[in-house]
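For any residue, its number in the working numbering is found by taking its place in the sequence shown, counting from 1, and adding 2.
Beta carbons are placed, not taken as given, at the ideal position from N, Cα and C, and that holds for glycine.
What you are looking at is a predicted structure, and each value in this text was computed from that prediction instead of being measured.
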Amino acid sequence: MRISSIVTTVVNVPFVAPLRWSGGVEDGWSRCIVEMHTDDGFVGLGETLGGDVTKLLIDTNLAPMFLGEDPFALEAILAKALFVPFYYGKAGLCGTAALEMACWDIKGKAVGRPLCDLLGGRLRDEVPFASYIFYRHPDREGRGRVADADEVVAYTRELHARHDFPAIKFKGGVLPPEEEVEALRALRRAFPDKKLRYDPNAILSAATAIRIGRMIEPLDIEYYEDPCWGNEAMARVRERVNIPFATNMCVMDLDQLAQGIRMHSVDVVLGDIHEWGGISNTKKLQATCEVFQLGFNLHSGGELGISTAAYLHFAASVPALPHALDSHMHQQAGDVVKPGVIAYTGRGTMKVPTGPGLGVELDPDRFATYAEAHRRQGDITIYAEDAARRGVPPVKSQW
3 MRISSIVTTV VNVPFVAPLR WSGGVEDGWS RCIVEMHTDD GFVGLGETLG
53 GDVTKLLIDT NLAPMFLGED PFALEAILAK ALFVPFYYGK AGLCGTAALE
103 MACWDIKGKA VGRPLCDLLG GRLRDEVPFA SYIFYRHPDR EGRGRVADAD
153 EVVAYTRELH ARHDFPAIKF KGGVLPPEEE VEALRALRRA FPDKKLRYDP
203 NAILSAATAI RIGRMIEPLD IEYYEDPCWG NEAMARVRER VNIPFATNMC
253 VMDLDQLAQG IRMHSVDVVL GDIHEWGGIS NTKKLQATCE VFQLGFNLHS
303 GGELGISTAA YLHFAASVPA LPHALDSHMH QQAGDVVKPG VIAYTGRGTM
353 KVPTGPGLGV ELDPDRFATY AEAHRRQGDI TIYAEDAARR GVPPVKSQW
């Protein structure tokens, strides 16, 4: 078995309503889809974040390292790509991850087993997810706005009525932090039995993060995610706030993990199959967290059905899964895979696919629709200016 060809396609999938975060406004995601063909007829699917830049890097730098190779010889292939992230940063990691994911899909299809079986075995049939709650601008018809504490609670009630999530992730860093504290208090009153986490996306100064952290201590916060920027500030704030600290921003590779462990800056590390360079690297992260008694979870960067399937298989094979995963799935207006496999159950979970490999297939019509959207629109930026900020750009330590 040899990899004979690799086809990359960028798709644009919109959100139901524009999402606000500390870096700006997101109207949707550009995702790069990989179709990897072998000489004996298997097709492996991969997906990663990013648009034209990621596609170009895969096509010109990474794909030649995979072509002609046996997808089962994954460590040898990945060794060739070792220095790509050194020169191309996160795009190098994300591009490698998409190709590695396609190799895993091929391996599962070749042996007729679901991916989770290749990662150590299926320990659970369903994986829990948190509701991901954002402040939102209204859509073009004026629907979907989430602008204050009352609307945050109303929108969360609507989502939980449909999906019964076990946890709530509240994305902040948008309004003055005292207003976001009021939204958190309102959520705790409305959902006394749900886990509640808060993510300001590193926009707070260390001093403000301490003050806000102490204000939300009585709310039984599951974790305080990236209130401020970097291990230095996170460690200083964590010493003074009695809430578990989580990150997907100050620990982004194993070297930063070592620093975070030494500095005691985090309690929970959120891995990401794409940003960590693939399933193999994320398994190393999870194992290291287990050794050092750190919590582990998976971060969401807008996964469509292919990447969500990879997340489900990964989570199914992890021995301990104390935190519900993040997902934007309920914020997205569509997908590229055939419907029915990647879906919420109504119990706050998704079922782990049972088919070989990732267990999902591209839907030709939906795939073509979102590929055409990208051809018309170009890449969707996740850092679009937020008109509600009145020309004030986001900066570190904004509050």
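Distance, residue j Cα to residue i Cα
{"i": "Val-270", "j": "Leu-296", "result": "6 Å"}
{"i": "Asp-222", "j": "Pro-194", "result": "9 Å"}
{"i": "Arg-155", "j": "Asn-250", "result": "The displayed chain sequence assigns Val, not Arg, to residue 155. Each residue's Cα considered, the two are about 26 Å apart."}
{"i": "Lys-2", "j": "Leu-58", "result": "As shown, the chain starts at 3 and ends at 401. That puts residue 2 outside it, with no answer to give."}
{"i": "Glu-153", "j": "Ile-384", "result": "23 Å"}
{"i": "Glu-71", "j": "Val-55", "result": "24 Å"}
{"i": "Leu-77", "j": "Asp-41", "result": "Just to set this straight, residue 77 is Glu in the shown sequence, not Leu. If I take the Cα positions, the gap works out to 20 Å."}
{"i": "Ala-318", "j": "Gly-110", "result": "15 Å"}
{"i": "Arg-264", "j": "Trp-278", "result": "20 Å"}
{"i": "Ala-326", "j": "Leu-69", "result": "37 Å"}
{"i": "Ala-389", "j": "Ser-207", "result": "23 Å"}
{"i": "Arg-391", "j": "Lys-173", "result": "17 Å"}
{"i": "Pro-358", "j": "Gly-43", "result": "15 Å"}
{"i": "Tyr-134", "j": "Tyr-90", "result": "30 Å"}
{"i": "Val-253", "j": "Val-86", "result": "19 Å"}
{"i": "Asp-141", "j": "Val-18", "result": "7 Å"}
Reference residue i, options the options, closest by Cα
{"i": "Ala-209", "options": "Ser-399, Thr-11, Gly-232, Ile-5", "result": "Ser-399"}
{"i": "Ile-108", "options": "Ile-382, Val-268, Arg-142, Val-45", "result": "Val-45"}
{"i": "Ser-309", "options": "Ile-79, Ala-75, Phe-17, Trp-106", "result": "Trp-106"}
{"i": "Gly-25", "options": "Ala-235, Glu-224, Asp-201", "result": "Asp-201"}
{"i": "Gly-232", "options": "Val-9, Pro-130, Ala-248, Ala-389", "result": "Ala-248"}
{"i": "Gly-307", "options": "Val-354, Met-67, Lys-285", "result": "Val-354"}
{"i": "Leu-441", "options": "Gln-288, Val-338, Gly-262, Ala-389", "result": "Look at the range of the chain in this structure, 3 to 401, and you will see that residue 441 is not part of it."}
{"i": "Asp-127", "options": "Gly-215, Gln-334, Thr-347, Ala-83", "result": "Thr-347"}
{"i": "Asp-328", "options": "Gly-30, Phe-298, Val-343, Pro-321", "result": "Phe-298"}
{"i": "Ile-283", "options": "Asp-257, Val-268, Asp-166", "result": "One point to set straight first is that residue 283 is Asn, not Ile, in the sequence displayed. Ranking the options by Cα distance to Asn-283, first place goes to Asp-257."}
{"i": "Leu-360", "options": "Leu-206, Met-67, Met-103", "result": "Met-103"}
{"i": "Pro-130", "options": "His-276, His-315, Leu-206, Leu-189", "result": "His-315"}
{"i": "Gly-280", "options": "Arg-4, Leu-95, Ile-79", "result": "Leu-95"}
{"i": "Pro-179", "options": "Tyr-225, Arg-124, Ala-237, Arg-216", "result": "Arg-216"}
Neighbour-count burial assignment, residue i, 16 or more Cβ in a 10 Å radius
{"i": "Thr-62", "result": "exposed"}
{"i": "Arg-1", "result": "Summary: the structure shown does not reach residue 1, with the chain confined to residues 3 through 401, and so no result is reported for it."}
{"i": "Phe-88", "result": "exposed"}
{"i": "Ser-7", "result": "exposed"}
{"i": "Pro-73", "result": "buried"}
{"i": "Arg-164", "result": "exposed"}
{"i": "His-266", "result": "exposed"}
{"i": "Thr-50", "result": "buried"}
{"i": "Gly-144", "result": "exposed"}
{"i": "Phe-294", "result": "exposed"}
{"i": "Asn-14", "result": "buried"}
{"i": "Val-239", "result": "buried"}
{"i": "Lys-82", "result": "exposed"}
{"i": "Thr-406", "result": "Residue 406 is absent from the model: the chain starts at 3 and stops at 401."}
Whole-number beta carbon distance between residue j and residue i, since they are thought to touch under 8 Å
{"i": "Ala-169", "j": "Ala-132", "result": "4 Å"}
{"i": "Trp-23", "j": "Asn-203", "result": "6 Å"}
{"i": "Pro-246", "j": "His-139", "result": "So it is not a contact: roughly 31 Å between Cβ atoms."}
{"i": "Glu-184", "j": "Ala-211", "result": "So it is not a contact: roughly 17 Å between Cβ atoms."}
**Request:** Kindly provide the ranges of any beta strand (DSSP E) runs that are 3 or more residues long and lie completely inside the stretch 97-147, ordered along the chain.
**Result:** 128-130, 132-135
**Prompt:** Along the chain, which unbroken stretches of the alpha helix (DSSP H) at least 4 residues long are found entirely within the stretch 176-238?
**Reply:** 179-192, 208-218
**Message:** Restricting to runs no shorter than 4 residues, where is the alpha helix (DSSP H) found entirely within the stretch 19-90?
**Reply:** 54-59, 65-68, 76-82
**Asked** Which runs of the alpha helix (DSSP H), 4 residues or longer, sit entirely within the stretch 243-312?
**Response** 256-265, 281-293
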